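Down below is the structure, laid out as structure tokens.
There are 4 protein chains.
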Amino acid sequence: MNSFGEIFRITTFGESHGEALGVVIDGCPPNIHFDFEFVKSELKRRKPGQSNISTSRIEDETFEVLSGVFEGKTTGTPLTLMVRNHNQKSEDYDKLKDVFRPGHADFTYQQKYGIRDYRGGGRQSARETVARVLAGAVAKMYLKSQGISIQAYVSQIYNIKLEKEYTELDLNQIESNIVRCPDPEKAKEMIALIEQTKLEGDTLGGVISCICKGASVGLGQPVFDKLHAQLGKAILSINACKGFEIGNGFESVNLKGSENNDAFFANDDKHIGTKTNHNGGVLGGISNGMEIFFRAAFKPVSSISKQQDTINISSENTTIQIEGRHDPCAVPRAVPIVEAMTALVLMDMLLRNKMYQ
Amino acid sequence: MNSFGEIFRITTFGESHGEALGVVIDGCPPNIHFDFEFVKSELKRRKPGQSNISTSRIEDETFEVLSGVFEGKTTGTPLTLMVRNHNQKSEDYDKLKDVFRPGHADFTYQQKYGIRDYRGGGRQSARETVARVLAGAVAKMYLKSQGISIQAYVSQIYNIKLEKEYTELDLNQIESNIVRCPDPEKAKEMIALIEQTKLEGDTLGGVISCICKGASVGLGQPVFDKLHAQLGKAILSINACKGFEIGNGFESVNLKGSENNDAFFANDDKHIGTKTNHNGGVLGGISNGMEIFFRAAFKPVSSISKQQDTINISSENTTIQIEGRHDPCAVPRAVPIVEAMTALVLMDMLLRNKMYQ
Amino acid sequence: MNSFGEIFRITTFGESHGEALGVVIDGCPPNIHFDFEFVKSELKRRKPGQSNISTSRIEDETFEVLSGVFEGKTTGTPLTLMVRNHNQKSEDYDKLKDVFRPGHADFTYQQKYGIRDYRGGGRQSARETVARVLAGAVAKMYLKSQGISIQAYVSQIYNIKLEKEYTELDLNQIESNIVRCPDPEKAKEMIALIEQTKLEGDTLGGVISCICKGASVGLGQPVFDKLHAQLGKAILSINACKGFEIGNGFESVNLKGSENNDAFFANDDKHIGTKTNHNGGVLGGISNGMEIFFRAAFKPVSSISKQQDTINISSENTTIQIEGRHDPCAVPRAVPIVEAMTALVLMDMLLRNKMYQ
Amino acid sequence: MNSFGEIFRITTFGESHGEALGVVIDGCPPNIHFDFEFVKSELKRRKPGQSNISTSRIEDETFEVLSGVFEGKTTGTPLTLMVRNHNQKSEDYDKLKDVFRPGHADFTYQQKYGIRDYRGGGRQSARETVARVLAGAVAKMYLKSQGISIQAYVSQIYNIKLEKEYTELDLNQIESNIVRCPDPEKAKEMIALIEQTKLEGDTLGGVISCICKGASVGLGQPVFDKLHAQLGKAILSINACKGFEIGNGFESVNLKGSENNDAFFANDDKHIGTKTNHNGGVLGGISNGMEIFFRAAFKPVSSISKQQDTINISSENTTIQIEGRHDPCAVPRAVPIVEAMTALVLMDMLLRNKMYQ
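Protein chains in written order, with our numbering: chain G, 140 to 496; chain D, 140 to 496; chain A, 140 to 496; chain W, 140 to 496.
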């Protein structure tokens, strides 16, 4: 439920306005140099209040290492990372106690458990992803040492879409703008649109693309834990994600078999590749050595400041107007979360694969 | 790896041309009337050779109950179902021993394991889905008793697309034609296109839509085992599936928050619903009582009869021309598989939810 | 690895001299009243420095609730409990950096991981059991509400053995003495022996007996997760535990089938029981409604102040003399740990059993 | 429930008088030579009707490989082994339909599931261990290639006890007699006693000792999956097992710390060992390179031909006299089952340990 992964297995905990959020990583290999500054920088990428297109809410995200690191290295015992909650204006949320916000999980949590921590969304809050980014940063440390990199970026906001493929883009530009789009022109348009939508009290969704380079052949487990199935689950479990496609995904439907198949070829040095990569680096659920890429759709943020019809806890019709500082568009902040979940999947598959070595 | 589900946990086994394919279901509730004829009819829906748009290969799919049923009822012990392989013309496949088929998992299996049963694709063959359909049929028996139904249909083949929503369609028409499309006009077009493509020696992909009715509020587990994340994994694990979206999925990006949010309302009898259902029946990963629906993209079948560039097991460039009887379009036959995987997810979530009752 | 249980699943973390020790409980039912004082009292029972027969080391065991409790009740989300480490005299342990203590896991951890937190034994320290007692206390809260009680006591220290069966003892006397033995006379002898052994710089082991009352019929899962198999694993996983037996255990070998079988009988009100209970409340791995009881052997504490032969990290022969404040006999302090692990098993089995209800 | 192991994960299925018994092994490494004759010989060791001290019931135990082996080697895909049931005289068992046998799981299964296959004990029958022996044989193939051997023997039947340690015995003698005791004199006494007890219509239990040689340092996972905790669970899950102890187990209570600690020493070639092995090759739950040994207690067979008091399915008092061909003592036949379960644990731990390599 709150765990993910088989060998590199994380368990996350914490509510938006509880004491703390954190993660226990069980199965972390020993002797990894724990790069404190890198974890900090990853957390910072996720943090709200980074720019005028994100929420102005300030969250302190100082993290602590509670266990599993000794003299700067992982020990193979459970590695626990935690962030305390500080900026908790719980009183803001008292009005949400008895009314269910449309698009949120207030109603479903209440019905499932008969109780919920309604302050800031409690466990359903996107603040839970702090724990994912912490764990993902640890996975990235290891993957980097194995020559594997993961880069995600915003490829669409509402109707503004990157037409170029990732191979035509300069991925070094991703972090150069606040919307995390590697095309500077499109980035400007996206930012302008988000700013305008914010004024309207409305919100926007978008698409994130993600590219993994350096993965060797053999990652992924048949038949249920296929690499892209596990990636799909990982990404779809992120708040607001509604769609996932590997390689050319839904577009593959518009090609015939003879067009869609990726022909193999061997270089003079017997290195094997495919001429095209419609399959996104995965064949039969196992990585084939090509770049792994996928896209994910994020719906617009459900917290809008416009008045909405809804019901209350007594099942009566009412209206709600959500106040507070919310993101007009959370997609740019979801970029490091997509990377983190991807890192967790690759890390787990890499360790699972050791059995065959 | 070859298991799926937490409480209702299936483990499948078998190769395309090995002795048998089967499934062990651990965690099946006792005292379910085992409907032998229903399982048979579900298997038949998946079977090749059903029509001239599927492969003419005949596969005997007589199944046996090896354990877990006593006097016509499940006993709560492992329920094992098995189908023997009979129509094994393994010699047909000898030429595939040393050459990797583009789009298939020959290469990735060989690299991962250093060995593979190359006859008919071995474990990577879509014949493995026989086991999924068997298990799904058992899940469906139970779900039916709980008032839950699952219906999938073909909503797109190549460029022929159903424009109507599922609410505007007569889902009783799905099984009335060989392409499993509830719109008879579109069905005819699809069939004609598949027949023509077959003549060309090429293949087509498509989209399957799936609707679940009758699911109560509360199915799905935060935060990683969200209902749609688990559905996504289940569906993406089906051979040739490249994309998954819940509710309006990628389309949700084209709506603003105020348009995409589903307003709650209460009836006079305090029954709660949402005015729209853009979220596809899931909020925060938990079912909200509305219909659950999703779409999945299937790439065109990789086995084409046209000549293709590829490599052999010695990493040399070569070409391949695949013979044998293959599906020009496997999407219609994937319909019962999509339903089976969906049933497995709902069944597991239903049992997991018992903890809260 | 560091998780235990299927439905009520705990993950513990922390090193003896790291920042903190704690536990995340995933799958805790919602709406349990969280009895803060009860958890505190359970922790206190495990605490060192309770008496002159335990170590004089003082450990602060103030615990914090980090997540999963809202307005005094569990919410169904991960429940995290943590104790900070304070009394860390790490310098005491510097001499253990390069020398392996006999009977301890210094050597095996070092060999397995290539690194270890040697301060106070790190993760192998019995201080880890703080987390088990915390989790066990939560399980006990729930079990109590279901009418299930668990009571463990010391039934043997070295050669001083309780000859009476638990049915002949007054279990209310257990906590009346520092050795946790319900027979006051034997308790005195045990205490005297421990005190004398302490003066000798030596240590003692013993046996703990445990009785569970109120468990209904049906707990335990065939065939591998039998109730007593899972209890065995749980108890054997406690530091220094070397043996486990359910019911009359090894003694059953001295009876013939006709003597050992427990005859069933029905009361006038159709309540079913067995005339004897040699099986310890378990038949075929499933509770039969009788009292569940078992015994566990604990070896003497490995930390003795006498000089011992050993090796160092360079694989050279050397000697070691362990200083510091160690328990001459840890068995009395293991009593609440045995209860905690038992509670975790029963809790998990109780929730697993809900599927059949 | 019916699965065991994390990486080398087996799932068993089947009832005593159902269609078949079998096991799916998921996570079996590829490219292991599958030694058909070895599996056959292991099955034969477990088989009833081997001698006049076991049941005269003949069970056909011809096994089939259903999947996972190709051209004589494992492929890394699920390996399924199955034995058909043939000698099913179900009518013999009709009288057991409504009466619960003392010492058996008839009552607990019926209460838990509300249904049971009463023929021959159904799933609770010791015939289920056929599947364990099949899986264990596969594990043994691999372990052997790693230089690890497992040998179990009968060290006690009723009051006839081997006084010698395993180091003083010739383990090659184990299979030289039908009681599987390496001391020929004691073996004769045991056989005579069993024969006499058979005439009395009664049954006997005993103790099995098991020795594992060649295991390297590092097997076992802290803190819950300690090597001896997992072995304890594995062995306690075998039918009729009531106690388990590692190393000197309950005897360790009779030693002081200074006597019980195993001093380390290094040879001239820096090979490390311990001077004694009271801990049975495990320190802190991790193998230390010494021989791993343990003992397990088995209660006398519950099926006796003497008349017994019991109840029927309507909760009425009645008596039962069990007919049919039952083992007067099942301990010798449990020897290969103990070895199989041990092999499964070591195999799983070996594969888990690959993460650290």
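Idealized CB from N, CA, C, for every residue including glycine.
What you are looking at is a predicted structure, and each value in this text was computed from that prediction instead of being measured.
For residue i, the three-state DSSP class (helix, strand or coil)
i	result
residue 389/A	helix
residue 253/W	coil
residue 456/W	strand
residue 172/A	strand
residue 221/A	strand
residue 335/D	helix
residue 396/G	helix
residue 384/G	strand
residue 161/A	strand
residue 180/A	helix
residue 440/G	coil
residue 366/W	helix
residue 144/D	coil
residue 413/A	strand
residue 446/G	coil
Outcome for residue i when other beta-carbon atoms lying within 10 angstroms are tallied against a minimum of 16
i	result
residue 407/A	exposed
residue 94/A	Since the displayed chain A opens at 140 and closes at 496, residue 94/A lies outside it and no answer follows.
residue 325/A	buried
residue 426/D	buried
residue 170/G	exposed
residue 176/D	exposed
residue 331/W	exposed
residue 211/W	exposed
residue 224/A	buried
residue 463/D	exposed
residue 191/A	exposed
Residues near residue i in its chain [Cβ-Cβ closer than 6 Å; skip 5 each side]
i	result
residue 98/W	Coverage of chain W is limited to positions 140 through 496, which leaves residue 98/W absent and any answer about it impossible.
residue 163/D	150, 217 and 219
residue 369/D	484
residue 375/G	383
residue 262/A	154
residue 264/G	155
Cβ distance (whole Å) where residue i is taken to contact residue j below 8 Å
i	j	result
residue 278/D	residue 147/D	7 Å
residue 386/G	residue 417/G	5 Å
residue 380/A	residue 481/A	Contact doesn't hold; Cβ gap of about 13 Å is too wide.
Min CB distance residue i to chain E below 8 Å
i	result
residue 164/W	You won't find chain E in this structure, because its protein chains are G, D, A and W.
Cβ neighbours of residue i in the same chain (closer than 7 Å, five flanking residues each side left out)
i	result
residue 431/D	351, 354, 419, 420 and 421
residue 388/G	434
residue 144/A	483 and 487
residue 174/A	280
Residues of its chain near residue i, where Cβ-Cβ distance is below 8 Å and the 5 sequence neighbours each way are ignored
i	result
residue 182/A	200, 202, 222, 269, 272, 273 and 276
Residues in the segment 370-386 of chain A having any Cβ partner in chain G nearer than 7 Å: none
When Cβ atoms are compared, which residues of the segment 249-261 of chain W fall closer than 9 Å to chain D? 251, 252, 253, 254, 255, 256, 257, 258 and 261
Closer than 7 Å between beta carbons: that is the criterion. Which residues of the segment 402-423 of chain G meet it against chain A? none
Which residues of the segment 295-327 of chain W have a Cβ closer than 7 Å to any Cβ of chain A? Give them in chain order. 295, 297 and 298
When Cβ atoms are compared, which residues of the segment 432-456 of chain G fall closer than 8 Å to chain D? 436, 437, 438, 439, 440, 441, 442, 443, 445, 447, 448, 449, 450, 454, 455 and 456
If you measure beta-carbon to beta-carbon, which residues of the segment 481-492 of chain A are closer than 7 Å to chain D? 490
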